[in-house]
Structures are given as C-alpha cells and as structure tokens.
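So the structure is just underneath, and the comments pick up after that.
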Amino acid sequence: MDKRNEILDWAKKAFIAAMLSGYASEEGDGVPKIKTTDGYTTITCIEEGFTVVDRYYTMPRSTYSVGTTTIFYKGKPIWLMSYGGSYPKKVISFLKAALTKAYTTGSSVGCRGPQSCEEGDLLYINNCTSASFREMRGYEVIKSIETGRVLGYHEYWGGSLI
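Read in order, the letters of the sequence shown are residues 1 to 162 in full-length UniProt numbering.
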C-alpha cells in the first residue's frame, strides 16, 4: 500500500471516530460544540494524529444549514466534505440516529448515513452517486412514510485532497 492510501485509510478511521463523538452523537461525548462569532458551530476532534473539524452554520429562524468537515494531517488539509440543505428540528434526532447507526455498523454510504433506515413514521434515504472515501457525492432525504412527503434533505460532496 502506498503512503497516500495508508494516510487516507487512517483518515477514514479518524473521521468515523470524530463523527461518533461529535455531531452524530446526541450527547456529543464531551466534545465541545463551539459557537463562533461568525455564527458557525465548530466541533474539533483529534484522533490518531488527525484533526477533524466539523463546521456548520444554521440559518437563524430557518431550517437551512450548510457546513464542511475537513480532515487535517500534519497541519495540512487532506480531505473535505461539504454539505447543505434543510432539516427541521423534529427530524434531527432521527438523522443523528441514522448517522450513528451507519458509522457504528460500517454501513455508511458516501460518508453519511446508510442506504436507508426507518423509525416510526420516518424514512431516511441516501441517494449516493459516488460512495468512496476518496470521492463522494449524494443527496439524502428524510420522508414521512405515511404521506411520502419530504421533511428534510441535505446534499453532500467531497473527497481526498491528496
């Protein structure tokens, strides 16, 4: 295995650990969510020599949000994922549960949730067109099973910078 692939394999492990202790966790596992003066929330995790920074902005009085997750190695960015869309508060716990399930079971598609999962009336669907850690692109939705109505969504894209 060449050095680049070795670094990216370790970066993926750091990413999953960071997501499980950061945003995807209901409790945040003690990792502080810092609200910055520009309105962003930043979660920083250091795992095995990698620094994973998840930075997102939620529009005031709105369900819209945008953000990036960047992995740094030796102080340089080596991987990036951007995401944005709209999730109302009433589906956030389900979204976090879907992400946590995917990260803990290895069923994450495109560095987001599983291909699909459901709980009660909620259905999560991950439409991923490029699913590797080195390059991902997709569109996830949460729908009401009863009505079929889309309740929230995010687009995501990104990958390796090395």
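Note that the Cβ used here is the ideal one computed from N, Cα and C, for glycine as well.
Restricting attention to Val31, Gly110, Tyr57 and Pro60, the CA atom closest to the CA of Thr51 is found in Val31. The region 11-18 and the region 57-68 do not touch, with fewer than three beta-carbon pairs separated by less than 8 Å. Val150 is bridged by DSSP to Lys143.
Here the C-alpha atom of Gly158 lies approximately 18 Å from the C-alpha atom of Val141. In the three-state reduction of the DSSP assignment, Phe72 falls in the strand class. Residue environment analysis places Asp38 among the exposed positions, since fewer than 16 neighbouring C-beta atoms fall within 10 angstroms of its C-beta.
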